[in-house]
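**Student:** Residue numbers (the working numbering): 771 to 1265.
We treat Cβ as the ideally placed atom computed from N, Cα and C, and that holds for glycine.
One structure follows; several queries about it will come next.
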Ligand SMILES: O=C1CCCN[C@@H]1CCCn1cnc2ccccc2c1=O
């Protein structure tokens, strides 16, 4: 059956599985946690890549390519950082029937692959800043339930790694990238995010601080880290001797950043916008923005309708709009309408006899089924306008959904009530690691209403300390431990 036969608000994981397969985005694969990205999905990744790659090239970042394999010795050079992750590292132990003398790891991230070369290349302050990026796949053999796009054992990403002469320059670049990640989500994917920094407990151990963008899936209130941009301080430069002689010939260690955005972007977009009929694609990331369906009637003058359809396609294509005509004669119009709705195409243009006579097309918006006639003579500028209106409407709708899932809390009771109503919670907080650990444990114990989430945990953790901090009135207490509140922070149950 072509349509989605489960409601999004009844069984989200079944709905998601049907949407990603029936829209021809994902094909399943016989290795758990690995999925085939079909053209309908890969086209979205390519649009995201082009958008972000253009941006970072504007900041003089250059793309390169480093090996995907790393020795055990090299990988464990950053021992204290990797130890938490080592169960996820995949190893090559033999080729053919011959064991390798030493096991070789498949890259889970590339700091330990890139930074020995950085050390060779950076000698003088004139070699700085060094700004490299690579578009690759990475492998992390996670054991939690896999979810296509959201949590997979292999995923595609970009990882940027820069080295700077000063702390200030690295800090500025860290937040510059964080804001470009916000743009990918808000401008391209019509998904709102919160910019912030990770708590000491949640940050990447190798980082001096980790900036992040966070959102939540309105359909189940689960928080999701959307991208991350770390200021590494001199942690890695001291470990890998990435040093340079400054203007006074004094040895200095570089200040570094590293930042990543993955194919999780696609999963977040699907979960935000999809509805009971299937995918709903934001026009800017839609591989096809307009599908023209000529209404063929047996015995009618179909030739005229088909010619008009192809004529309009050529005009729209020339205007830079991604358009196709579905003139297949082995499917009914009704079947085609359903098919392109499941695939989430933003605009459907129907052309029938009546439309021909009135020199118009009938447009249907995927996001809200709005229907309207568009005169052929204004088809180009009207289509561009409609695509922009749909993009803006989708972000507006998403912001409302997101804001409805954010609840303030100043006491433990309020916190748990909101958490158990599947929201993320905004609280005054003491900013202490021990307090966060206590909240994690206590919230897991008291979690209810989330047990039916497939493989998702009940414990709450901090998502981020938002960059924009409202003043905290004198005497305000941490919602959990009662100590003086120093920061406001978002909590949630995450993927
Ligand atoms: O986030 C990013 C952005 C892109 C570049 N890398 C940083 C930090 C990655 C942290 N991380 C994450 N999973 C891992 C898994 C296995 C081994 C090491 C790691 C590891 O270091």
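1. Which first and last residues belong to the beta strand (DSSP E) in which residue 903 is found?
2. Is it a yes or a no for the region 1051 to 1061 touching the region 1091 to 1098, going by three-plus beta-carbon pairs under 8 angstroms?
3. Go ahead and pull the three-state DSSP assignment for residue 862.
4. Tell me the residue span of the alpha helix (DSSP H) that contains residue 952.
5. For residue 1133, write down the residues that DSSP places opposite it in a beta bridge.
6. Among all the DSSP beta bridges, which residues are the ones paired with residue 964?
7. Quick check: what's the CA-CA separation for residue 1101 versus residue 783?
8. Anyone know if the C-beta pair for residue 858 and residue 921 falls short of 9 angstroms?
9. I'd like the span of the alpha helix (DSSP H) that includes residue 1111, first residue to last.
10. Could you pull the start and end residues of the alpha helix (DSSP H) that residue 1070 belongs to?
11. What is the rounded straight-line gap between the Cα of residue 1153 and the Cα of residue 820?
12. When you compare each of 894, 955, 1047, 969 to residue 1015 by their alpha carbons, which one comes out closest?
13. Do the CB positions of residue 866 and residue 940 come within less than 9 angstroms of each other?
14. Tell me residue 1231's beta-bridge partners as DSSP assigns them.
15. Could you give the C-beta distance for residue 1098 and residue 1115, rounded to a whole number, given that I count them as a contact under 8 angstroms?
16. Can you check DSSP and say which residues form a bridge with residue 1055?
17. Return helix, strand or coil for residue 873, following the three-state DSSP convention.
18. For the beta strand (DSSP E) that contains residue 1198, what are its first and last residues?
19. Using only the alpha-carbon positions, how far apart do residue 804 and residue 1124 sit?
20. Counting only the same chain and skipping the five closest in sequence on each side, list residues whose C-beta sits under 8 angstroms from that of residue 1010.
21. Can you give me the start and stop residues for the beta strand (DSSP E) that residue 796 sits inside?
22. For the pair the region 1023 to 1039 and the region 983 to 1002, tell me if three or more CB-CB distances fall below 8 angstroms.
23. Helix or strand or just coil, what does DSSP make of residue 775?
24. Exposed or buried, which one is residue 1119 when buried takes at least 16 other CB atoms within 10 Å?
25. For a test of the three-state rule: what should DSSP assign to residue 885, helix, strand or coil?
26. According to DSSP, is residue 867 helix, strand or coil?
27. Could you give the uninterrupted runs of the alpha helix (DSSP H) lying entirely in the region 995 to 1061, keeping only those of 4 residues or more?
28. Helix or strand or just coil, what does DSSP make of residue 1148?
29. Select from 838, 817, 962, 1255 the residue whose C-alpha is nearest the C-alpha of residue 1174.
30. Confirm the yes/no value for this check: CB of residue 1122, any heavy atom of ligand 1, distance under 8 angstroms.
31. Taking residue 851 as the reference, which of 1256, 834, 878 has the closest Cα?
32. What are the start and end residues of the alpha helix (DSSP H) that includes residue 791?
33. Provide the residue(s) that pair with residue 894 in DSSP beta bridges, ordered along the chain.
34. Is the distance from the Cβ of residue 996 to the Cβ of residue 1038 below 9 angstroms?
35. Report the three-state DSSP secondary structure of residue 1153 (helix, strand or coil).
36. Beta strand (DSSP E) containing residue 928: first to last residue?
**Tutor:** The short version:
1. In the DSSP annotation of this structure, the continuous segment of the beta strand (DSSP E) that includes residue 903 starts and ends at 900 to 909.
2. Yes, the region 1051 to 1061 touches the region 1091 to 1098.
3. strand
4. 937 to 953
5. 1119, 1142
6. 984
7. 30 angstroms
8. no
9. 1103 to 1112
10. Looking at the DSSP string, residue 1070 is not in any alpha helix (DSSP H), and its letter there is neither H nor E.
11. 23 angstroms
12. 894
13. No, they are not a contact pair.
14. 1262
15. With 8 angstroms as the limit, residue 1098 and residue 1115 do not qualify as a contact, their Cβ atoms being about 15 angstroms apart.
16. None; residue 1055 has no bridge partner.
17. Secondary structure at residue 873: strand, using DSSP grouped into helix, strand and coil.
18. 1194 to 1199
19. 49 angstroms
20. 847, 885, 886, 888, 889
21. 796 to 798
22. yes
23. coil
24. buried
25. helix
26. coil
27. 1005 to 1010, 1034 to 1043
28. helix
29. 962
30. no
31. 878
32. 782 to 792
33. 1015
34. yes
35. helix
36. Taken as a continuous stretch (DSSP letters only), the beta strand (DSSP E) holding residue 928 covers 924 to 934.
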